[in-house]
Amino acid sequence: MHTMIKKYVDQGFMTEAEGKYIHEAIERKESVVVSGHRSAGIRPLMAALMAVAKGGYNAVQVKGFEDLDKDTEYFLIPGIDNLDFEKLIFEAMKKPNTSFVTLKEPEHPYSILKLLRDVYKETGDTSKVYQVLECSKIDDVPKLTKITRMALNEKGRVVKEDFQE
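Residue numbers are given in numbering that gives the first Met the number 0: position 150 of the sequence shown equals residue 149, and the series is strictly consecutive.
Here is the structure:
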């Protein structure tokens, strides 16, 4: 397991099985969406996962739509306030043979399911896998509370599967 992820396991933010699963998802070049409120530690976790992706793959930090035209394996998309964030995620999802690490928070809301369906309608691509990491506070302590794998079947329907240890 990558040391940036192991730190979160050691702190009790996630279990060892969850850490291993997330690391393997990045190794498989799956996209990762860190979801929750800022107080649940989503931004530091997103930054750590971006570092993991950047360490193993060609990666581009996205600051605007023009960065999506760069040749890369991973797009690193932090919360960008002055852009249409949902459209930015949509455009990143449409890019063939690429993945991304980003967040979904109250300041940057969007529907992952809607975007998956919209991307399928436009591209017909069912090859990508998205891991949604839901974080929240339990007894005032930030924790990873759920991991959901999302993909599209051959008919373009969203197939969701929650990680079970």
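Ideal Cβ positions, reconstructed from N, Cα and C, are used throughout, including at glycine.
Quick one: using the 10 Å Cβ neighbour count with 16 as the cut-off for buried, is E106 buried or exposed? With fewer than 16 other Cβ atoms inside 10 Å of its own Cβ, E106 counts as exposed.
Run through DSSP, which three-state label would L82 get? Reduced to three states, the DSSP call for L82 is coil.
Relative to the C-alpha of T125, which candidate in V100, E85, E17 and N96 has its C-alpha closest? Of V100, E85, E17 and N96, the residue nearest in Cα terms is N96.
Buried or exposed: where does F64 fall if 16 or more other Cβ atoms within 10 Å of its Cβ makes it buried? In this structure F64 is exposed. Its beta-carbon is surrounded by fewer than 16 other beta-carbon atoms within 10 angstroms.
Looking at C-alpha atoms only, which residue of T71, M45 and M0 is the closest neighbour of Q130? Ranking the options by Cα distance to Q130, first place goes to M45.
Just to confirm my understanding: we take L195, look at its own chain, exclude 5 residues before and 5 after, and list those with CB closer than 6 Å. What are they? This structure cannot settle anything about residue 195, because the visible part of the chain is limited to 0 through 164.
As an exercise, report each continuous alpha helix (DSSP H) stretch of at least 4 residues that is fully enclosed by the stretch 96 to 153, in chain order. Within the stretch 96 to 153, the alpha helix (DSSP H) runs of at least 4 residues that lie entirely inside it are, in chain order, 111 to 122.
For the putative contact between A16 and E164, defined by C-beta atoms under 8 Å, what is the C-beta separation to the nearest angstrom? Indeed they touch by this definition, with Cβ atoms about 4 Å apart.
Validate contact between the stretch 131 to 150 and the stretch 27 to 46 using beta carbons, cut 8 Å, 3 pairs: Segments in contact, yes.
Applying the 10 Å Cβ sphere with the 16-neighbour rule, what's the burial state of K113? Flag for K113 reads exposed.
Between which residues of its own chain and V118 is the CB-CB distance below 6 Å, once the five residues before and five after are set aside? Only M92 and K93 meet the Cβ criterion.
In terms of residues, what are the limits of the beta strand (DSSP E) holding D161? Start and end: V157 to D161.
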